[in-house]
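Q: A single structure is presented below for examination.
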């Protein structure tokens, strides 16, 4: 069973998260500060990290940056848990490497669904590593190496950004509805959750630089990737 690390200094919230995840069959370890969390990483790595943004000894966004810079933790899925509600805060979290976010207060069922979806996509991707390359314009996705190249240079993407781009390129030239993308990449269908998709598209375009113009918005429908800007 998957191992989940919770990094949360609010005792009540941590207790709820731990109880809910354990009842769903996961192995859970919790930490109230970054120091204890880092110490445990040296012993064993989790399958997923549930990370609070506001911690007593280190900001959660700083922790994400550090994890993404380490070879052994760079691909571990991270879900940010934050009380901040502004779009800027959420985009910043996704841009620096978090794979998803959930805003306090949240429902237990939503939390479990997010975790299940993230683990499913992460483990499926690990077990079914595909060979070969796909290309749209100047964007090359090398699935064997699990990297994305733009004009021959590696473009660093989070796990979710990679999966999103992969789904778009696999269906290049086709208009994909928001619902279909959310179901395929996130495995969830919460009302209003298309904002998660929009923010991932925004950060993906930014990281792809000029080539990001290949990803086009189809008003009131979804997105399409095709050559030409």
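Numbering (the working numbering), first residue to last: 5 to 233.
Heads up, the beta-carbon is just placed ideally off N, CA and C, and yes, glycines get one too.
Please return the same chain residues whose Cβ sits closer than 7 Å to the Cβ of residue 79, not counting the five positions on each side in sequence.
A: On the chain shown, residue 79 is found 75 positions in, with the first residue counted as 1. Here the set comprises 163.
Q: To which residues of the same chain is residue 32 closer than 6 Å at the C-beta, ignoring the five residues directly before and after it?
A: Counting from one through the chain shown, the residue named residue 32 turns up at place 28. Closer than 6 Å at the Cβ level, and outside the excluded window around residue 32, lie 8, 22, 25, 26.
Q: Check whether the stretch 109-126 touches the stretch 169-183, taking contact to mean three or more Cβ pairs, one atom from each stretch, closer than 8 Å.
A: Verdict: no, contact absent.
Q: So what's residue 15 in DSSP terms, helix, strand or just coil?
A: Here residue 15 refers to the residue found at position 11 when the chain shown is read from its first residue. Correct three-state label for residue 15: helix.
Q: Distance check for residue 39 and residue 64, CA to CA, integer angstroms please.
A: Position 60 of the chain shown, counting from 1, holds the residue named residue 64. Position 35 of the chain shown, counting from 1, holds the residue named residue 39. Taking the straight line joining both Cα atoms gives about 12 Å.
Q: Quick one: any contact between the stretch 197-214 and the stretch 94-110, if contact means 3 or more CB pairs under 8 Å?
A: Because the criterion of three Cβ pairs below 8 Å is met, the stretch 197-214 and the stretch 94-110 touch.
Q: Expressed to the nearest angstrom, what Euclidean distance is found between the alpha-carbon atoms of residue 29 and residue 47?
A: Within the chain shown, residue 29 is the residue found at index 25, counting from 1. Within the chain shown, residue 47 is the residue found at index 43, counting from 1. Roughly 22 Å separates the two Cα atoms.
Q: Measure the alpha-carbon distance for residue 125 versus residue 83 and round it to whole angstroms.
A: The sequence position of residue 125 within the chain shown is 121, counting from 1. The sequence position of residue 83 within the chain shown is 79, counting from 1. Using only the alpha carbons, I get a separation of about 13 Å.
Q: Considering just the uninterrupted stretch of the beta strand (DSSP E) at residue 3, what are its terminal residues?
A: Past the boundaries of the shown model lies residue 3; the chain is included only from 5 to 233, so the question cannot be answered.
Q: May I ask you to report which of helix, strand or coil DSSP gives residue 35?
A: For the purposes of this step, residue 35 is taken as residue 31 along the chain shown, with counting starting at 1. Strand, per DSSP.
Q: When burial is assigned at 16 or more other CB atoms within 10 Å of the CB, is residue 118 buried or exposed?
A: By one-based count along the chain shown, residue 118 stands at place 114. Buried.
Q: If you follow the beta strand (DSSP E) that residue 157 is in, where does it begin and where does it stop?
A: Residue numbering aside, residue 157 sits at position 153 when the chain shown is read from its first letter. Run containing residue 157: 157-159, per the beta strand (DSSP E) assignment.
Q: Where does residue 21 fall in DSSP's three states?
A: Indexing the chain shown from 1 puts residue 21 at position 17. Residue 21: helix per DSSP, three-state reduction.
Q: Are the CB atoms of residue 122 and residue 146 nearer to each other than 8 Å?
A: Counting from 1 along the chain shown, the entry for residue 122 is found at position 118. Counting from 1 along the chain shown, the entry for residue 146 is found at position 142. For residue 122 and residue 146, no; Cβs fall outside 8 Å.
Q: By Cβ distance, which residues of its chain are closer than 6 Å to residue 190, with the 5 residues on each side in sequence left out?
A: For the purposes of this step, residue 190 is identified with residue 186 of the chain shown, where counting begins at 1. So the qualifying residues of the chain are 121.
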